[in-house]
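> In terms of the numbering used here, the sequence shown opens at residue 85 and continues consecutively. Sharing a structure with you now.
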Amino acid sequence: MALLVWQDDLNTGVEVIDHQHMRIVEMLNHLHAAQKSMQRIAVGEVIDELIDYTLSHFAFEEELMEEAGYAFCAAHKRVHEVFIKRVSEYRMRFEAGEDITDELRNMLSRWLFNHIRGDDKAYAEQVKRHLNKFAREHEEGGWLGRTLKRLFH
85 MALLVWQDDL
95 NTGVEVIDHQ
105 HMRIVEMLNH
115 LHAAQKSMQR
125 IAVGEVIDEL
135 IDYTLSHFAF
145 EEELMEEAGY
155 AFCAAHKRVH
165 EVFIKRVSEY
175 RMRFEAGEDI
185 TDELRNMLSR
195 WLFNHIRGDD
205 KAYAEQVKRH
215 LNKFAREHEE
225 GGWLGRTLKR
235 LFH
């Protein structure tokens, strides 16, 4: 599988979310590089980093949707939960000694791109409206700044 390339149709228009998605794509490419190095420890570290970052991203995204009053927030969260279970199974298989890297990269890239183009784009307009309204009502250091610092620093 070739390296993944960010495509413009993956942009949701919510800058902070787009940057997080780009970071996940970058990590998927790191997973490819670690696999090519044939170093199992490096692959394991990238898998762990990828999963941890994705969980943080999901928590942030869910909080944004909730704050914006997105009607399908609970359904979106369930999609995340099902995905987390799938990825956890891959992690267990890896820890049991199985080589799951290609399968995991294929599943993650397909799922991520489909999820962004479908589920994430569905909430983007409402979240953008909320963030713009929120930005006008509050100075820097408000909810968004605090949440970003808490989850990503």
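Note that beta-carbon positions come from the ideal geometry of N, C-alpha and C, so glycine has one too. If you're wondering where the values come from, they're calculated on a predicted model, not measured in any experiment.
Quick check: N95 and D102, are their CB atoms within less than 8 Å of each other?
Yes, these two residues count as a Cβ contact at 8 Å.
> Within this structure, are the beta carbons of V130 and A118 separated by less than 8 Å?
Yes, the Cβ-Cβ distance between V130 and A118 is below 8 Å.
> Taking 7 Å as the cut-off, is the beta-carbon of R170 closer than that to any non-hydrogen atom of the ligand MG?
Ligands in the displayed structure: none, and consequently the ligand MG is not present.
> How would you write the range of the alpha helix (DSSP H) that L148 sits in, first residue to last?
Start and end: R124 to A152.
> Alpha carbon to alpha carbon, how far is E187 from E292? Give it in angstroms, no decimals.
The first residue shown for the chain is 85 and the last is 237, placing residue 292 beyond what the model contains.
> Can you grab the Cα-Cα spacing for the pair A155 / I200, in whole Å?
So the alpha carbons of these two residues sit roughly 18 Å apart.
> Are V100 and L235 touching if we call contact CB-CB under 8 Å?
The answer is no: Cβ separation not under 8 Å.
> Distance, Cα to Cα, Q123 vs E209?
Distance between the alpha carbons of Q123 and E209: 42 Å.
> So what does DSSP say about V89, is it helix, strand or coil?
Three-state result, V89: coil.
> For the putative contact between V171 and I135, defined by C-beta atoms under 8 Å, what is the C-beta separation to the nearest angstrom?
6 Å between Cβ atoms; contact.
> DSSP on G97, reduced to helix/strand/coil?
Note: G97 maps to coil in three-state DSSP.
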